[in-house]
Every structure is written in C-alpha cells, then in structure tokens.
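Shown next, in structure tokens, is the structure this report addresses.
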Amino acid sequence: MRWGEGSGVSADAVTGVCRPPYLCPVQTLENDLKNALQTAAQAVFGQDIPASALALQPTRKEFAGSFTLVTFPLTKAFGKGPEQIGQALGEWLKTNEPRVRGFNVVKGFLNLEVADAEWLKLLHALLAQPATAPVNAPGVPRRVVVEYSSPNTNKPLHLGHLRNNFLGYSVAEILKATGATVTKANLVNDRGIHICKSMLAYQRFGQGETPASAGIKGDHLTGKYYVLFERHYREEVRQLEAEGVAPDVAKRKAPLMLEAQQMLQQWEAHDEAVVGLWKQMNGWVYEGFDQTYKNIGVDFDKFYYESGTYLLGKERVEEGLQKGVFFRKDDGSVWVDLQAEGLDEKLLLRADGTSVYITQDLGTAELKYQDFGYDSSIYVIADEQNYHMQVLQATLAKLGKPYAAAIHHLSYGMVDLPSGKMKSREGTVVDADELVRDMVATAKATTLEMGKIDGMPEAEADELFHTLAMGALKYFLLKVEPKKRMLFNPEESINFQGHTGPFIQYTNARIAALGRKSQEQNLTGGDFGSVTELHETEAELIQHLAAYPAAVAEAARQLAPSIISQYAYDLAKAFNRFYAEVPVLAEDNVAKRALRLALTARVGEQLRVSMGLLGIRVPERM
RNA sequence: GGUUGUGUAGCUCAAUUGGAUAGAGCAUCUGACUACGAAUCAGAAGGUUUAAGGUUCGACUCCUUACACGACCA
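Numbering (the working numbering), first residue to last: 1411 to 2032.
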C-alpha cells in the first residue's frame, strides 16, 4: 500500500499531531498515560519503554480497568518478570499519577483504571467540538477519486452491484471524514458487444416498445432484451451443435453473434441508425439507474463513459508503441510484456484495431488524473478482476505514468445465494429494485406490528419504512470485511434484531424520545461541573465516544466500512446498557441528570454521524 | 497446471494487525417492562480456529506442507 507517500498530505497528518480542527481527544488521554508510563519506567527501572511496546489497548470487558499495557515485551530490557514489571509500574502510577485511580496485574497485563475526573475532562473536551469535526488520520491521502458502481448499460443492477455501491459510497464518506477531498466517480460501461446484444434483440423483437408503453423501468426493459438475446442465441448454438458443428465454433458462428459483432463495427463507424438506437436505449437505462441510485441513496460527482474514453486509451497504446514499451505482433495486434512483473503478456489492441477492456481503462485513468490530480485512485471492483487490475497498474507503470502507483484496487468478494453464484444470463439474480421493494414491505409489516408509530402521517411513515429497509440492507452488506465472499439468504439474512442496522436505528429512536421528553418536561441542559463520580456505564460510554476518531482513521487507512459498522454497534450496545442501568429523566440529582442528558444527546449525534459514513440514516422514531 | 483469495460455535459474522479465558448476533433455554421505547437488557449453553509440523514468553494471526471451496490466467 502506498498511503501517505503522495505529496498532498498535510504536515499534521504526517506527524500524527492532532490539532484543533481535528477531532482527537482520546489520543490525548492515551498520550498522557503513555507519558506517565515512560516517567514511571524511568523512575522505577531507569529505562525507557521502547516505542514498539508502548501501545495501549482497551482493556477487555472481563477485567477491571480501561487501558492495558502488555508487559511481556519489557522483560528482557528490564530484567524482571512480567508481573513484577506490571506491579511496579502500576504502584508508581497509582501514587504519583492522578489520572490513574487504580490498577491490577494479570500475568503480563497491566490494567489501568482511569480516574472519573479524567473521563469527565474527556467528556468536556468532546462536547467542545462538533461530532462532525474532521478526524485526524495520519497517512491517509488527501486527494482521492473513488470509482464505484460502474455498471453495464445492458441490464439492471443486482445484489452484487449493491455491495459495490454501498462500499464505494461509504469509503468515500469515510475518507471525507478525515478531511480528504474526495471525488465519487462512476465509469459507465456504455459500449461493447454486450450492449449490441440487447440492441439487436430489441431491433428484432421490440416492436417499438418503450418504458412508457410497457410500464417498465428503462434498465429493466433493456435487460429484458439482453436476456432475450441470450435465449435465442443459445438456441442457435444448440441447433448448430445438433448439426455437428463443434461447440466453440458454434458459439462464434451463430448468426445472432455475427450480427451483434457487425453492429459493434457499425457503431464504431458511427452508423447513424445504430448510434441512434444506442442513444435511445442507453437513455432509458440511465433514467432507470438514476431512479435506483436515488432510491438506494448513493450519488456521484463525476460520470465517465467508456464511449468517451476508449479513443484516449488508443492514444496511450500508440504512446507505448512509440516509447518501445509495447510491441506489435505479426497479425497487427498490440501487446505489453509484463513477465518481468510476474504477470503475462497482455493484449492491448486487437488485430482489427478495436479496443479491449483495458484499452479504455488506460484512457480513463489518464482522464481522471487530468481532471483531479489525485494521490490515490480507488477502484471498487469485484475480486474476479484482481488480475486485470494488476495488469492495468503494471501497464501504466510501463508507460511511466506518475499516477500508476496511486492506483488502488478495493477488491470485494462476490455475494453468494444459497443456490450458488448469481448469473444474470440465467436469470438467477437478486434484482436490486425488487430486493429493496421487498425489504421495504418487510420493514413496514414489522413496524406496524410494533404499533409504535400510530398517528404518524403516511408520507413520513413511508419514508421511515424506506429508511429502515435501507438501514438493514446496507448494514448487512457493509459489516462484512470487503474481501470476503458473503452469503445472502433472502429469507434469513435480513433481521431487524441483534447485530443489525435497525438495532442502531432503534437506539437512536430511544435517544430521540428522551430528547423530546426532556423538552416537554423542561429538563433540558444545565451545568454538570459539580459531578465528580461516574457510573461504570457512563465511563464506558465516554470511552466509546472518544474512540470514534481512531475508528474512522483506521477505517480510512484500511478502506473498511466494517470498522465503522462495528464501532456504531459497540456504541449503541454501550448506550443500551447505560440506559437499562441508570435513570436519565427520572434522576433526581440535577447535575447528574444534566450530565446524562448531555451524554445521551452526544451518543445520538455520534450514532447519526457514524451511520452517515455508511450511508445509513437514523430515524427519530420507529 | 500456474497465480491468488478464503476456511473461526448449528447458521451469519468479529477478534484493536503477534497478546489475557477466541467475541457478537441469529436459532435454543432462563430471567427482566407502574424509571425514561422489550426492534432492548441480564444470563445459560454452544469452539482441538480445516489438518499436521515450525518460529516464541505468547499464534485465528507469521513460515512450511497438505486438504476443501472460489476467482483469475493459459
């Protein structure tokens, strides 16, 4: 990974120093404790703790304490056993460091208990900054293009696209949260043989049908003809094979395939009729995509079209030939030799001069760099393209492009169904629009059954059902680490209880209800400076709140929304524990009540912001 | 065949990048709504982390080999 080598990284981001515009309070507490540990080590052992051993980790739930130092690595340098070291450091801290209220040593682990006053200080520091303040994330690039979605215009979006869209959107938002300048780009694959297939089928069987006349979304209508092509084509192949033609020959020589190829050539030759049909059908598809994108809540700053970049790609191929890094074979086709890079020879331009996928990728990369001068260009693409992306990067490097090293493939695993892999040609896909519709229906049924939104206006209720459905779906797809394959079981996978989006949404609805009630009862605000002691669940909540910057920074470094989803879940969980254990509105002590209200409101905001990074909205009631 | 990814509780996923008794949710069982929303909380049960070696204070994590599944490249 090449994070941080780009020139646009700010000085603060590089040094890791956290300054006011950035959100970083827990780091200061951690740093204070680390400094104290260093002082203790000097005082007790006359030595420094090496930087590699100075990492504090959150203490596990089953032990007392908040931060833990692992003392095993110190045994050699200090010439003492791990327990001895822990005990000695702990005792020194307890008597000399007011931040440390107590400690315990379990084997090689020194667990530090932080004084309540310190948590209260931390809470004040947190509240002094808006929850939306950018997060200090050393090593994360500053100018980023995130390319995602990148659909083909011959069929509607399916479940696999949803994972892609949610990942891309979320990664972009997470990077933005670190203060990076992010462009969301969508490279539309609007040309090629697959497009001609649906065009050809439409010409044959369409009889002038339009989305309006058929009452079907444009992308679905076009997809219908794509499937129709495949069906007739397979029939032709079967017939040829029955006549004794070899299977691979039959596939190439079936009349429909030959016609589709001819159509592609006509398109490249700007044949008026073909281009007209192409424009018409692509227009339908874009209308359909727009609706879907809007419905699932993703957006783009910039659209690229392969029809507009493949010529630029051909220029790059020419450039490579002139530089002598590409070569031409006897049949006229152009190749690049990447064997030195551990890859293979790769075709860049066919013998007939037509482009292949990678031709247009070369053009698009160039164009993106011209437009945005990124230090990092992220491609959200399924892992079946791993090899292709390596080839692309290596080829750009051969061309000596400065941006080659900035390319990063965010590779994600396929979404499997219980019945196996989705295949659009065979119709075994989960259609995105249909899935969302089903989810909304389920959310509606579940919510109405709960009976908690009686009297809510219909429009508002419909929006709520949509918010809940998308929350469940997005959370489900984003909580899994991207590179892992995942299983989607339509009946069982989507829950509204447990480790889900709606669990977190519900937590926020409770918080919002507390907010409403405190308004009604005039219990708002107030100073809580007089509070000196905290309930265990309160301290825990503060620690979770303060962990937000670290979670965002890590998510940005790893391009892993799953880290954010885990964070939001932990925070909601901690709040629900707090909620079950201590009264908020019913607390008699005015200062304590004020503190709990402030804490509650902040948790709500933090949940809203965190879920926002996943593209999930949180409702006020549900 | 070559390259590469994955393999953790019945199921779906975690594990702060080498740290404690491997954690959550679903499903199963038990308890809690006249303090603020039970889509919640508290608890029980569920594991030889695919297998066998190795590295070390310490391995789901790193190394070697094998097995299973997937993807890509001929």
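Note that the Cβ used here is the ideal one computed from N, Cα and C, for glycine as well. Note that the coordinates shown come from a computational prediction; the quantities given were computed from them, not determined experimentally.
C-alpha gap between residue i and residue j, whole angstroms
i: Gly1742; j: Asp1762; result: 8 Å
i: Leu1887; j: Val1556; result: 19 Å
i: Asn1796; j: His1819; result: 8 Å
i: Leu1777; j: Leu1731; result: 20 Å
i: Arg1977; j: Asp1793; result: Checking the sequence shown, residue 1977 turns out to be Tyr, not Arg. C-alpha separation (whole angstroms): 26 Å.
i: Arg2012; j: Val2028; result: 14 Å
i: Ala2004; j: Glu1870; result: 31 Å
i: Lys1627; j: Val1695; result: 8 Å
i: Phe1875; j: Ile1706; result: 13 Å
i: Pro1912; j: Lys1854; result: 13 Å
i: Gln2016; j: Leu1827; result: 34 Å
i: Glu1651; j: Pro1657; result: 6 Å
i: Thr1593; j: Asp1709; result: 10 Å
i: Ala1527; j: Leu1951; result: 15 Å
i: Leu1464; j: Val1550; result: 23 Å
i: Phe1737; j: Gln1671; result: 26 Å
i: Ala1664; j: Gly1686; result: 25 Å
i: Val1735; j: Ala1807; result: 10 Å
i: Asp1600; j: Gln1907; result: 41 Å
i: Glu1844; j: Met1691; result: 21 Å
i: Glu1697; j: Ala1622; result: 12 Å
i: Glu1751; j: His1798; result: 13 Å
i: Val2019; j: Thr1542; result: 7 Å
Burial state of residue i, where buried means 16 or more other Cβ atoms lie within 10 Å
i: Asn1895; result: Looking at the sequence itself, residue 1895 is Arg, so the reference to Asn does not match. With fewer than 16 other Cβ atoms within 10 Å, it is exposed.
i: Asn1521; result: buried
i: Ser2034; result: This structure does not reach residue 2034, given that the chain is present from 1411 up to 2032, and the question cannot be answered.
i: Lys1565; result: buried
i: Val1659; result: exposed
i: Gln1915; result: buried
i: Gln1770; result: buried
i: Val1427; result: Caution applies to Val1427, whose pLDDT of 49 falls short of 50 and renders its modelled position unreliable; the value that the coordinates give is listed next. With fewer than 16 other Cβ atoms within 10 Å, it is exposed.
i: Lys1884; result: buried
i: Asp1864; result: exposed
Limits of the unbroken beta strand (DSSP E) element including residue i
i: Tyr1789; result: Ser1786 to Ala1792
i: Tyr1822; result: Ile1817 to Tyr1822
i: Pro1468; result: Leu1466 to Pro1468
i: Ala1884; result: Strictly speaking, residue 1884 in this sequence is Lys, with Ala absent from that position. No beta strand (DSSP E) holds Lys1884; the alpha helix (DSSP H) holding it covers Glu1868 to Leu1888.
i: Lys1594; result: Thr1591 to Val1598
i: Phe1488; result: No beta strand (DSSP E) holds Phe1488; the alpha helix (DSSP H) holding it covers Thr1485 to Phe1488.
i: Leu1522; result: Phe1519 to Val1524
Start and end residues, alpha helix (DSSP H) containing residue i
i: Val1685; result: Glu1682 to Ile1706
i: Lys1927; result: Gly1911 to Glu1930
i: Thr1632; result: Gly1628 to Ala1652
i: Leu2024; result: From DSSP, Leu2024 is part of no alpha helix (DSSP H); its letter is neither H nor E.
i: Phe1988; result: Pro1971 to Glu1991
i: Val1659; result: Pro1657 to Lys1663
i: Leu1802; result: Asn1796 to Lys1808
Three-state secondary structure assigned by DSSP to residue i
i: Glu1725; result: helix
i: Asn1899; result: coil
i: Glu1440; result: helix
i: Gly1512; result: strand
i: Glu1557; result: strand
i: His1568; result: strand
i: Val2019; result: helix
i: Asp1843; result: helix
i: Lys1739; result: coil
i: Phe1710; result: coil
i: Leu1757; result: strand
i: Ser1940; result: coil
i: Val1427; result: Legend: pLDDT at Val1427 = 49, less than 50; position of this residue unreliable, value from coordinates given subsequently. Coil.
i: Ala1961; result: helix
i: Glu1751; result: helix
i: Tyr1579; result: helix
i: Thr1588; result: coil
i: Ala1451; result: helix
Proximity test, residue i beta-carbon vs the ligand GDP heavy atom, cut-off 8 Å
i: His1680; result: Of the ligands one can find in the structure shown there are none, so the ligand GDP has no counterpart to examine.
Handout entry: Three-pair Cβ contact test at 8 Å for the segment 1503-1518 versus the segment 1439-1446
Key = Three or more beta-carbon pairs drawn from the segment 1503-1518 and the segment 1439-1446 are found closer than 8 Å, and the two stretches are therefore classed as touching.
Handout entry: Given 8 Å, three or more beta-carbon pairs between the segment 2005-2025 and the segment 1973-1991
Key = These segments touch.
Problem - Touch test, the segment 1952-1972 against the segment 1528-1546, Cβ-Cβ under 8 Å, three pairs minimum - result: Yes: the two stretches touch, three or more of their Cβ pairs being nearer than 8 Å.
Practice task
Report yes or no: do the segment 1601-1610 and the segment 1625-1642 share at least 3 C-beta pairs separated by less than 8 Å?
Solution key: Verdict: yes, contact present.
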